[in-house]
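Worksheet: the structure to be examined is printed underneath.
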Amino acid sequence: MIKKINVKQLRPGMYIHHINCGWLRHPFLRNSIRIKDRKEIGKISEYGIREVYIDTDKGPDVDHSPNRQTLDRDIRKELDRIAETKYSSIKKEPLGKEILRAREIRKEAKQAVCNIMEEVRFGRPIRTEKVERVVDKMVDSIFRNQDALITIGRIKRVDEYTYMHSLSVCVLMISFGRQLGFNERQLKEIGIGAMLHDVGKMQVPEEILNRKDTLNDQEYEIMKKHVEYSHLLLEKTEGISELSVTIASQHHERMDGKGYPNNLKGDDISIYGQAAAIADVYDAMTSQRCYQRRYEPTEVLKKLYEWCDSYNKDLVQQFIRCVGIYPVGSLVRLESGLLGVVLDHGRENLLQPSVRIVYDTRKAMHVIPTYDLDLSRSAKDVISCCEVSERWNLRPELYL
């Protein structure tokens, strides 16, 4: 069947019956082509073409998922339901005090990850003693106050993404594991597996690993090999548990069987692999990368719901309860125009955390002195959206 679709709906493999413009106004030799990769879709967009005709008898049809408006409404209802669930309060160390410790742990963990990556790059065997020591410290810190390490872990530069992503996923997985009720031994093995889940990237050619634009299909297939490399490296490393290896080998598997490297489906993926898939994509999407913008945490949580076929929905709900809808240290705008740094997840409702008011957008000025506002006890103001801190030249972590 011939049908007109928006260029944004194009996917590799689709057959374009007609590009919907004159031959001289597009970059291809013919008006009918099969889309080979994402770069060809990019070329079509660059020429200002907005709609094309596809032939669904010769290639895939568009995804017939619910329309955007319906999807957004359903996701919002689900987040509201989770937000209103009451949780037992865990007594914890004051955030400001634990952040001081967390900064030192982060520094030590970053060095440990860098050392491991260098060992792998030069073909030397992995020595896990330093990783084990720092994971022990991370588990202790998370039991004192998990928000400290999660907040510090969100601070990363584009040029150190590979190292800091491993560290951040480690923190998220330990916190997530605690939320799921795993014991301390399991949490440590989870932490080690998460910190080392991407060591195989050191065996991917540097020109592909450090590409500053989108990979083509052939390069992407090479990049995907990092999971198998990680599995093999950890499997032959002395002292690494099967649980840790599982996290490295399954963090790109998906519930619908469309992941890699083994196309595992549903319960064929362990709960550790299912959890790692969520933590991995959450940190990747909330990080600034050279070829992808940073998404706000709330955007990513909505995406995880939108991709419900790929991720365990029950685990996604538990993950939201773990990190919060508005994570500690994130910058939010209130309907009043005030900007606040989130101080906790929200004792009564995840949509109503406590915030530290730091800036007034109406007056374009810093709020001095800052003051704290518990939104669950304030009927006057609510969060309207997340804000990009760079836009306001603010560093939220300095206000914690």
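Numbered as in the working numbering, the sequence shown ends at 947 without a single skipped number.
Idealized CB from N, CA, C, for every residue including glycine.
Nearest to residue i (by Cα), restricted to the options the options
i, options, result
"Asp856", "Arg880, Ile825, Leu881 and Tyr873", "Ile825"
"Ser791", "Gln821, His744, Lys759 and Gln750", "His744"
"Lys771", "Gly747, Ile787, Gly786 and Thr698", "Gly747"
"Val686", "Val888, Phe729 and Gly786", "Phe729"
"Lys783", "Gly820, Ile673, Asp815 and Glu753", "Ile673"
"Leu727", "Val863, Ile755 and Lys586", "Val863"
"Val751", "Val667, Arg653 and Val914", "Val667"
"Leu885", "Val905, Leu898 and Gly876", "Val905"
"Lys586", "Phe690, Gly606 and Pro559", "Pro559"
"Lys805", "Asp764, Asp827 and Trp854", "Trp854"
"Tyr858", "Asn896, Glu895 and His798", "His798"
"Ile794", "Glu655, Thr917, Val774 and Glu707", "Val774"
"Arg653", "Thr675, Ile697 and Phe669", "Ile697"
"Lys927", "Glu895, Gly876 and Ser883", "Ser883"
"Val718", "Asp827, Arg938 and Lys550", "Asp827"
"Ser777", "Glu679, Ile663, Leu898 and Ile689", "Ile663"
"Gln693", "Leu642, Tyr600, Asn757 and Glu676", "Leu642"
"Ala822", "Asn578, Asp861, Val914 and Gln835", "Asp861"
"Gly670", "Leu780, Ser788, Pro916 and Gln839", "Leu780"
Environment of residue i [buried if 16+ CB atoms lie within 10 Å]
i, result
"Thr833", "buried"
"Glu843", "buried"
"Thr761", "exposed"
"Cys932", "exposed"
"Met912", "exposed"
"Gly786", "exposed"
"Met548", "exposed"
"Ser722", "buried"
"Ile588", "buried"
"Arg924", "exposed"
Opposing strand residues paired with residue i [DSSP bridges]
i, result
"Gly887", "Val879 and Ile904"
"Asp921", "Ser901"
"His565", "Tyr600"
"Met912", "Asp907"
"Gln835", "Answer is none; Gln835 lacks a bridge partner."
"Lys550", "Ile601"
"Cys933", "Val879"
"Arg581", "Tyr562"
Whether residue i touches residue j by CB criterion (7 Å)
i, j, result
"Glu593", "Asn553", "no"
"Leu848", "Ile818", "no"
"Asp891", "Pro900", "yes"
"Tyr946", "Val870", "no"
"Leu878", "Val902", "no"
"Pro574", "Lys555", "no"
"Ala741", "Met711", "no"
"Leu734", "Gly724", "yes"
"Glu640", "Arg691", "yes"
"Glu645", "Ala695", "yes"
"Ala649", "Val681", "no"
"Ile755", "Ile769", "yes"
"Arg500", "Glu934", "The chain is shown from 548 up to 947; residue 500 falls before or after that span and cannot be answered."
"Asp830", "Val716", "yes"
"Lys551", "Tyr600", "yes"
Interface flag, residue i vs chain C, CB-CB below 7 Å
i, result
"Met711", "The chain inventory of the structure shown lacks chain C, comprising one protein chain alone."
> Could you give the uninterrupted runs of the alpha helix (DSSP H) lying entirely in the segment 846–878, keeping only those of 4 residues or more?
Replying inline: Within the segment 846–878, the complete alpha helix (DSSP H) runs of at least 4 residues are 860–870.
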